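Residue numbers (my numbering), protein chains in the order written: chain A, 1 to 160; chain B, 161 to 313.
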């Protein structure tokens, strides 16, 4: 019996996360696993900017709306790429602290593998404390797969 | 996100000449023009000033973060300017602003724009960093201060 039933890819709009999505589609097909794609709107950062007076309320609302549109755009792109290979994707959009929402969703949906894009090179100690992908990698209770090598991954996807 | 990824050394000055709000904005945008980051100077100035009209980005303790979404740039771009005399930027605490971070983001890049602004907000929290930046005398010194902060120093 297949013990890897659910794979979830974390999308944040970076090219790295989109490469991760191609590999998650490949893996989902290979393992016959259900694929989830999650995008978390970084509401914490928006609130911090409002508190610091860098944002005004109108701007926060505007950016939140744009981030929601971005989330939909990127998840639709993942969905379209997956459907092209006969894979169904369950799309999830959440708001909050990115790594916390991802980790909560891993538990809620009983995810077996979470897939993230390649981490930044030479990340500093301070950056690591704020880097959401780094924190997902460190704090997730399920298997975390970090996808590297864009060209090879895209070739795998293309040849599926 | 590392702020050093979005700032070009040509877009840093420790000797801002401007003494008024609008001219500071123009001088910072000119740094980005010279760094090859801004393709439409007039549009960039207009978008930053429009944003400032809605509420000043002069924060407390000598910091200002003028920013805008603008089609005048293709990528998220930052300029840093230090004014020795200070400028009345209508800051929230009524004090002069000495350290300016200008951030321009193309439409559709709200995630990285927010991440960069949040990183600036964290950078200027420690009083020692603010003091070092205010007293910096060269571009390289500004870069070193940010690098040291980002490396946990």
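The beta carbon of each residue, even a glycine, is placed where N, CA and C say it ideally should be. Please read these numbers as outputs of a predicted model, since none were measured by experiment.
Judged by beta-carbon spacing, residue 152 of chain A lies beyond the 7 angstroms limit of residue 19 of chain A, meaning their Cβ atoms are not closer than that value.
At a cut-off of 7 angstroms between beta carbons, residue 133 of chain A makes no contact with chain B. Secondary structure note for residue 271 of chain B: it is in no beta strand (DSSP E), and the uninterrupted alpha helix (DSSP H) holding it is 270-283. DSSP places residue 225 of chain B outside any alpha helix (DSSP H), giving it a letter other than H or E.
Contact annotation: residue 280 of chain B and residue 261 of chain B have beta-carbon atoms nearer than 7 angstroms. Spanning the alpha carbons of residue 155 of chain A and residue 113 of chain A requires a straight line of approximately 22 angstroms. Where residue 204 of chain B is concerned, the enclosing alpha helix (DSSP H) starts and stops at 201-214.
In this structure, the CA atom of residue 244 of chain B is about 33 angstroms from the CA atom of residue 63 of chain A.
Residue 90 of chain A places its beta carbon 7 angstroms or farther from that of residue 160 of chain A. Three or more pairs of CB atoms, one per stretch, sit closer than 8 angstroms, so the region 32-46 of chain A contacts the region 269-284 of chain B. The beta-bridge partner set that DSSP reports for residue 308 of chain B is empty.
For residue 42 of chain A, the pairing in a beta bridge is given by DSSP as A/96.
Burial state of residue 3 of chain A is exposed, judged by a 10 Å Cβ sphere holding fewer than 16 other Cβ atoms.
Of all alpha-carbon atoms in B/203, B/256 and B/193, the one lying nearest the alpha-carbon of residue 229 of chain B is that of B/203. Neighbourhood of residue 93 of chain A in chain B, by CB distance below 7 angstroms: empty, with the nearest CB roughly 13 angstroms away.
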